[in-house]
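Chemist: First residue of the sequence shown? That's 17 in my numbering, and the numbers climb one at a time after it. First, the structure itself, so that you have it in front of you.
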Amino acid sequence: MFGEATGWIAFPVIAALFVGRWLDSRYDSAPLYFLSLTVFAFIISSIGLGLTGVKYMKQIEKEEAAKKHILSKEKLMDNKK
17 MFGEATGWIA
27 FPVIAALFVG
37 RWLDSRYDSA
47 PLYFLSLTVF
57 AFIISSIGLG
67 LTGVKYMKQI
77 EKEEAAKKHI
87 LSKEKLMDNK
97 K
């Protein structure tokens, strides 16, 4: 989970920094591409982190539902004894 979240933060930002600087030096437009791509990377990172959070929340909810189901079965078995 933490590795995936770190990837969503690090990869887009690092890529934006390098590509933005390269484009700015190529087209002599500093800091237009650098700042634009950094903002775009922030948006991509935010969306990616949100999707990752939703995915793990659903996984946790499934695990907790399974635990409750197992506990209720155990309770029924204990009551039958």
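Even glycine gets a Cβ: it sits at the ideal position worked out from N, Cα and C.
In three-state DSSP terms, what is Met93?
Modeler: Three-state DSSP puts Met93 in a helix.
Chemist: Identify which residue in Phe27, Glu79, Ser88, Met17 has its Cα closest to the Cα of Phe56.
Modeler: Ranking Phe27, Glu79, Ser88, Met17 by Cα distance to Phe56 puts Phe27 first.
Chemist: Tell me whether Ser61 is buried or exposed, calling it buried when 16 or more other Cβ atoms sit within 10 Å of its Cβ.
Modeler: So Ser61 ends up on the buried side.
Chemist: May I ask you to report which of helix, strand or coil DSSP gives Ala21?
Modeler: If DSSP states are grouped into helix, strand and coil, Ala21 belongs with the helices.
Chemist: Does the Cβ of Tyr43 have 16 or more other Cβ atoms within 10 Å, making it buried, or fewer, making it exposed?
Modeler: Its Cβ having fewer than 16 others within 10 Å, Tyr43 is exposed.
Chemist: Whose C-beta lies closer than 7 angstroms to the C-beta of Pro47 among residues of the same chain, with five residues either side of it excluded?
Modeler: Counting only Cβ-Cβ distances below 7 angstroms, and skipping sequence neighbours, we find Asp40.
Chemist: Apart from the five residues on each side of it in sequence, which residues of its chain come closer than 7 angstroms, Cβ to Cβ, to Phe50?
Modeler: For Phe50, where only same-chain residues beyond five positions count, the Cβ hits under 7 angstroms are Gly36, Arg37, Asp40.
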